[in-house]
Amino acid sequence: MQNSEGAALHPLLKQQDIAAVFHKGENPSIDSYSAFFDNGHRQKTRLDAWLRERGINELTVLGLATDYCVKFTVLDALNLGYTVNVITDGCRGVNIQPQDSNLAFMEMAAAGATLYTLADWEETQV
1 MQNSEGAALH
11 PLLKQQDIAA
21 VFHKGENPSI
31 DSYSAFFDNG
41 HRQKTRLDAW
51 LRERGINELT
61 VLGLATDYCV
71 KFTVLDALNL
81 GYTVNVITDG
91 CRGVNIQPQD
101 SNLAFMEMAA
111 AGATLYTLAD
121 WEETQV
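Position 33 (the sequence shown) corresponds to 33 in the UniProt record's numbering; numbering is contiguous.
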């Protein structure tokens, strides 16, 4: 819920390193799983424009929930032309069905995302 403790950034985050925060899901009539669009792709957040203004074309994604927000953000990013890395052990799913997260990872990989554990991804950053 907006402006609640649950919506706040975690206090251990290095908030001085956060350049921008983008809000989604502000229309109560439309779900918004993706960080880029609402579920009907009728409204777009400022994220894509912000990234393009800065020449950013590769994203590393992790978070909650694998089978909803992470998946739809990754799929939209790929459709927008970004290179996308997903940190699998940095994601958690809702898993209404036990395999939902695994199926979401498979769908993201099939669409072109590269899946890494955090340790494997860190090795690529050297």
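Cβ atoms here follow ideal geometry from the backbone N, Cα and C, with glycine treated the same way.
Beta-carbon separation (whole angstroms), Phe105 vs Ala77, contact threshold 8 Å:
Residue numbering aside, residue 105 sits at position 105 when the sequence shown is read from its first letter. Residue numbering aside, residue 77 sits at position 77 when the sequence shown is read from its first letter. With a Cβ gap of about 15 Å, Phe105 and Ala77 do not count as contacting.
Out of curiosity, what's the CA-to-CA distance linking Asp85 and Tyr116?
Indexing the sequence shown from 1 puts residue 85 at position 85. Indexing the sequence shown from 1 puts residue 116 at position 116. Note on identity: in this sequence residue 85 is Asn, with Asp being the wrong assignment. Distance between the alpha carbons of Asn85 and Tyr116 is about 7 Å.
Continuous alpha helix (DSSP H) stretch holding Glu58: start and end
Locating residue 58 in the sequence shown gives position 58, counting from the first residue. First-last for Glu58: 58-64, but that is the beta strand (DSSP E), not the alpha helix (DSSP H).
Verify whether the separation of the beta carbon atoms of Asp67 and Ser101 is less than 8 Å.
The count along the sequence shown starts at 1 and reaches residue 67 at position 67. The count along the sequence shown starts at 1 and reaches residue 101 at position 101. If you check the CB distance, Asp67 and Ser101 come in under 8 Å.
With 16 other Cβ atoms within 10 Å as the buried cut-off, status of Trp50
By one-based count along the sequence shown, residue 50 stands at place 50. Its Cβ having fewer than 16 others within 10 Å, Trp50 is exposed.
Taking just the CA atoms, how far does Asp38 sit from Phe72?
On the sequence shown, residue 72 is found 72 positions in, with the first residue counted as 1. On the sequence shown, residue 38 is found 38 positions in, with the first residue counted as 1. Going from the Cα of Phe72 to the Cα of Asp38 covers about 10 Å.
Inter-residue Cα distance where the pair is Ser29 and Gly40
To locate residue 29, count along the sequence shown from 1; it is residue 29. To locate residue 40, count along the sequence shown from 1; it is residue 40. C-alpha separation (whole angstroms): 11 Å.
To the nearest angstrom, how far is the alpha carbon of Ser32 from that of Gly112?
Start at 1 with the first residue of the sequence shown, and residue 32 comes out as number 32. Start at 1 with the first residue of the sequence shown, and residue 112 comes out as number 112. If you draw a straight line from the Cα of Ser32 to the Cα of Gly112, it is about 22 Å long.
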